[in-house]
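Engineer:
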């Protein structure tokens, strides 16, 4: 009997050993199949890192993020950036941005100082982490060759490549969006450990909200996922949302609620809803680049849309996943937002769309049906690849000749730093960039109206000491430069270069001369009412 038991034990050991060997072999085979994916990620990382451009665009969201990071690093009040918020121009930017992205910039500032190139390298790292997360999401649906297609189409996309040169919150938001979707999809929802997974998911959910305020829509997506998938609100979701709310309250206590000035923009109309649909569709058509003009771009869009429909038909057989649940309320929010923001706002949709395209390619290639399916899939991928090649052949890899990449702007900033007082307030079309590079408070004027009285009101309310004008900006040409020419008797030109003119406002000029003009116009208009 004992010998028989020993024989069974030996057989069990051999069986376990064989099972372990099989598992090792399966893992090794998986690693070999995924090797091309890893190589694709390495190539993309090298390409992005070696093509980072110096200089920054006139769109100066980056300046406020960096200023927040500097304040955190140096222990100053978070919102003390020098940017003077103008409620008449809410679409220029809120009083403050959420703190997660600035926190990510703090280590770079500690090590490298105000090195914007190093901050762009961090953006590249965040994008690569996003690609890895998206790969993990697609792993259960796509075979390794088609994951390579997904990674290649995303990683070498012209728009995403261009976005790496902007120090903004888009890539970290993309990362946290898909991390939250992964966590919500694969977390344990029952048993003793559900609480740990729920808290982790809640922290990831907060990271979305703390990176971009629109991340609040993901909360609605989490609720939608529960209702559709489980027909009830689970304790997992409730715990995750409560965890997120706790961190949001902590954030508000520590840094205030400056980002809530986004609400100043939320005034949707029927016209804005229809124009948003049109504008976002037009922007999405250009996702693959436009090296050969609009007609070819539309053709590529139609081909990819067909493949995405094939992929969606296969994908929905799994039922609603967290990514779709998150995207539905997210897309509703950007639709009702009064003004379209281009592909930036569509960023979370892009990987899912490319995933569906890749899944569509996989389905057509593996299909034993029509003979035209494989050529259609191959033609679409080949057309996109050729479009990418044409784009990168003609792409600009030199310095971005805007803000700190423009010598005339740097000269202006040096003059302001050395010849003006730290408390002097400046009026400038790109006030956040001016504040970052000069450490001076600055405000943007109301460029939506070309009335001198409104500009006078801005000068008065912000106690402006200087006005900076430039023909570079369309708004300056239409509004600010004519105003300055009309009131030259109240201004002194103290600096001029090829692109910028700096005017000092006479002391008490607003109150004694210009302001009465504004008051008379206002009184006259009110009496007519």
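Residue numbers (our numbering): 27 to 555. Every residue, glycine too, gets a C-beta built ideally from N, C-alpha and C. None of these values were measured; they are calculated from a predicted model.
Quick check on residue 117: buried or exposed, where buried means 16 or more other Cβ atoms within 10 Å of its Cβ?
Structural biologist: The residue in question, residue 117, is exposed, as its Cβ has fewer than 16 Cβ neighbours within 10 Å.
Engineer: Is the beta carbon of residue 458 closer than 8 Å to that of residue 90?
Structural biologist: Against a cut-off of 8 Å, the Cβ pair of residue 458 and residue 90 comes out as a contact.
Engineer: Just checking my contact of residue 382 with residue 254 at CB under 8 Å: how many whole Å lie between their CB atoms?
Structural biologist: Not a contact, Cβ separation roughly 19 Å.
Engineer: Answer with buried or exposed for residue 474, where buried requires no fewer than 16 other C-beta atoms within 10 angstroms of its C-beta.
Structural biologist: Burial call: exposed.
Engineer: How is residue 78 classed by DSSP in three states: helix, strand or coil?
Structural biologist: Coil.
Engineer: For residue 495, name the three-state secondary structure that DSSP assigns.
Structural biologist: Three-state DSSP puts residue 495 in a strand.
Engineer: So residue 527 is in the beta strand (DSSP E); what residue range does that whole segment cover?
Structural biologist: Taken as a continuous stretch (DSSP letters only), the beta strand (DSSP E) holding residue 527 covers 527-531.
Engineer: My guess is that residue 430 and residue 131 are in contact by the Cβ rule of under 8 Å, so how many angstroms apart are they, rounded?
Structural biologist: Wrong, their Cβ atoms sit about 16 Å apart, outside the cutoff.
Engineer: CB-CB under 6 Å to residue 26, same chain, minus the five flanking residues each way: which ones, in chain order?
Structural biologist: Since the first residue of the chain shown is 27 and the last is 555, residue 26 is not available in this structure.
Engineer: Taking 7 Å as the cut-off, is the beta-carbon of residue 127 closer than that to any non-hydrogen atom of the ligand GTP?
Structural biologist: As presented, the structure is devoid of all ligands, the ligand GTP included, so that no description of it is given.
Engineer: Quick one: which unbroken beta strand (DSSP E) runs of 3-plus residues sit fully inside the region 371-428? Chain order, please.
Structural biologist: Runs found: none.
Engineer: Please check the pair residue 174 and residue 63, which I expect to be a contact at CB under 8 Å, by giving their CB distance rounded to whole angstroms.
Structural biologist: Confirmed, about 6 Å.
Engineer: Could you spell out the range, first to last residue, of the beta strand (DSSP E) harbouring residue 475?
Structural biologist: Where residue 475 is concerned, there is no enclosing beta strand (DSSP E), given that its DSSP letter is neither H nor E.
Engineer: For residue 106, which option in 80, 496, 465 and 353 has the closest C-alpha, if you only look at C-alpha atoms?
Structural biologist: Ranking 80, 496, 465 and 353 by Cα distance to residue 106 puts 465 first.
Engineer: Please determine if the region 157-175 and the region 188-205 are in contact, where contact requires at least 3 C-beta pairs separated by less than 8 Å.
Structural biologist: Yes: at least three Cβ pairs fall under 8 Å.
Engineer: From residue 169 to residue 223, what distance separates their C-alpha atoms?
Structural biologist: Going by the C-alpha atoms only, they are around 28 Å apart.
Engineer: May I have the straight-line CA-CA distance separating residue 388 from residue 319, to the nearest angstrom?
Structural biologist: The alpha-carbon atoms of residue 388 and residue 319 are separated by roughly 28 Å.
Engineer: Report the rounded CA-to-CA distance for residue 483 versus residue 410, giving the unit in angstroms.
Structural biologist: Rounded to the nearest angstrom, the two C-alpha atoms are 52 Å apart.
Engineer: Quick one: using the 10 Å Cβ neighbour count with 16 as the cut-off for buried, is residue 467 buried or exposed?
Structural biologist: It counts as buried.
Engineer: If residue 402 sits next to residue 306, beta carbons under 8 Å apart, how far is it from one beta carbon to the other, in whole angstroms?
Structural biologist: Incorrect: roughly 26 Å between the Cβ atoms, too far for contact.
Engineer: At the level of alpha carbons, what is the spacing between residue 295 and residue 73?
Structural biologist: About 43 Å.
Engineer: Report, in whole angstroms, the separation of the C-beta atoms of residue 197 and residue 229, which I expect to be a contact under 8 Å.
Structural biologist: Contact flag wrong, Cβ pair sits at about 19 Å.
Engineer: What first and last residue would you give for the alpha helix (DSSP H) that runs through residue 340?
Structural biologist: It spans 320-341 - the alpha helix (DSSP H) in which residue 340 sits, taken as one unbroken run.
Engineer: As an exercise, report each continuous alpha helix (DSSP H) stretch of at least 4 residues that is fully enclosed by the region 131-203, in chain order.
Structural biologist: 142-164, 170-181 and 184-189, all fully within the region 131-203.
Engineer: Quick check on the DSSP output: the alpha helix (DSSP H) that includes residue 310 runs from which residue to which?
Structural biologist: Unbroken alpha helix (DSSP H) run through residue 310: 296-311.
Engineer: Would DSSP call residue 87 helix, strand or coil?
Structural biologist: Helix, per DSSP.
Engineer: Counting only the same chain and skipping the five closest in sequence on each side, list residues whose C-beta sits under 6 Å from that of residue 281.
Structural biologist: Answer for residue 281: 104 and 125, listed in chain order.
Engineer: Would you call the region 212-227 and the region 255-263 in contact, with 3 or more CB pairs under 8 Å?
Structural biologist: Touching, per the Cβ criterion.
Engineer: Please list the terminal residues of the continuous beta strand (DSSP E) segment that includes residue 437.
Structural biologist: Careful: residue 437 lies outside any beta strand (DSSP E), inside the alpha helix (DSSP H) at 433-445.
Engineer: Helix, strand or coil: which one does DSSP assign to residue 452?
Structural biologist: Strand, per DSSP.
Engineer: Using three-state DSSP, classify residue 522 as helix, strand or coil.
Structural biologist: Correct three-state label for residue 522: strand.
Engineer: Pull up the CB-CB distance for residue 123 and residue 244, whole angstroms please, since I reckon it's below 8 Å.
Structural biologist: The pair is not a contact, with the Cβ atoms about 18 Å apart (cut-off 8 Å).
Engineer: Output yes or no for whether 8 Å exceeds the beta carbon distance between residue 492 and residue 529.
Structural biologist: Against a cut-off of 8 Å, the Cβ pair of residue 529 and residue 492 comes out as a contact.
Engineer: Would you call the CB atoms of residue 66 and residue 139 closer than 8 Å?
Structural biologist: Contact flag unset, no.
Engineer: Does the contact criterion of 3 or more C-beta pairs under 8 Å hold for the region 442-449 versus the region 413-431?
Structural biologist: The region 442-449 is not in contact with the region 413-431.
Engineer: Around the Cβ of residue 87, are there at least 16 other Cβ atoms within 10 angstroms (buried) or fewer (exposed)?
Structural biologist: Classification of residue 87: buried, given that the 10 Å Cβ count is 16 or more.
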